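This report refers to the structure that appears directly beneath it.
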Amino acid sequence: MTAFWWAVLAASMWGFAPLLEKAGLSKAEPMAGLFYRCIGVMIGMVILGVFFVKPEQVKSVELRSALFLICGGFLASILGQTFFYRALKSGEISKMVLVAGSYPVITFIVGILFMHESLTIRKALGAALVMAGLIFLKIG
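Counting with this note's numbering, you get residues 26 to 165 for the letters of the sequence shown.
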């Protein structure tokens with residue numbers, strides 16, 4: 026399977042999950058919802074650990090890389106998800122997912138500033154279009 030189709034599958038999962046989460050949050054506070062979501066992650070980790078991840082793969086990761094991955098997991102799966110659940114609980118799912126899903130613009134800016142990635146007209150135009158979409162959502 027190509028990278029494109031893996032990305033389509035990821036988008037499909039990320040697109041469907043908020044429907045389940047919004048339904049779950051209808052009678053739960055965001056922090057309780059995050060707690061139960063993390064149980065799903067733990068179940069997934071057990072499955073990964075038992076069937077897919079070899080111990081030598083885990084041991085081969087350098088400490089610095091492991092710390093970066095752990096911090097990324099904390100930022101995205103705990104802090105980001107907490108903020109997203111607070112938005113999802115009280116906002117329209119169709120609006121909140123679009124706003125939260127604009128995170129690639131942040132990555133785009135950080136990538137240019139700190140990772141020294143190239144700034145092209147296409148990338149800048151794409152980011153500008155996303156920002157315009159966010160403005161339309163905010164005012165509309």
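In this text, a Cβ means the ideal position worked out from N, Cα and C, and glycines have one as well.
From a predicted model like this one, the values you see are computed outputs, not experimental measurements.
Cβ atoms of residue j and residue i: under 8 Å apart, would you say?
i      : j      : result
GLY151 : GLU142 : no
LYS120 : LEU162 : yes
Compare the Cα-Cα distances from residue i to each of the options and report the closest residue.
i      : options                      : result
LYS148 : ILE160, VAL130, LYS163       : VAL130
ILE118 : PHE41, PRO80, PHE161         : PHE41
GLY49  : ALA125, TYR61, MET121        : TYR61
TYR128 : ALA101, GLY165, CYS63, LYS52 : ALA101
GLY126 : TRP39, GLY69, LEU88          : TRP39
GLU46  : ILE160, GLY98, TYR110        : TYR110
Residue i to residue j, Cα distance in whole Å?
i      : j      : result
GLY116 : LEU123 : 11 Å
VAL155 : PRO55  : 27 Å
CYS80  : LEU73  : Note on identity: in this sequence residue 80 is Pro, with Cys being the wrong assignment. Going by the C-alpha atoms only, they are around 11 Å apart.
PHE99  : ALA91  : 12 Å
ALA57  : GLY69  : 19 Å
Below 8 Å, can you find three or more Cβ-Cβ pairs linking the segment 27-34 to the segment 100-115?
no
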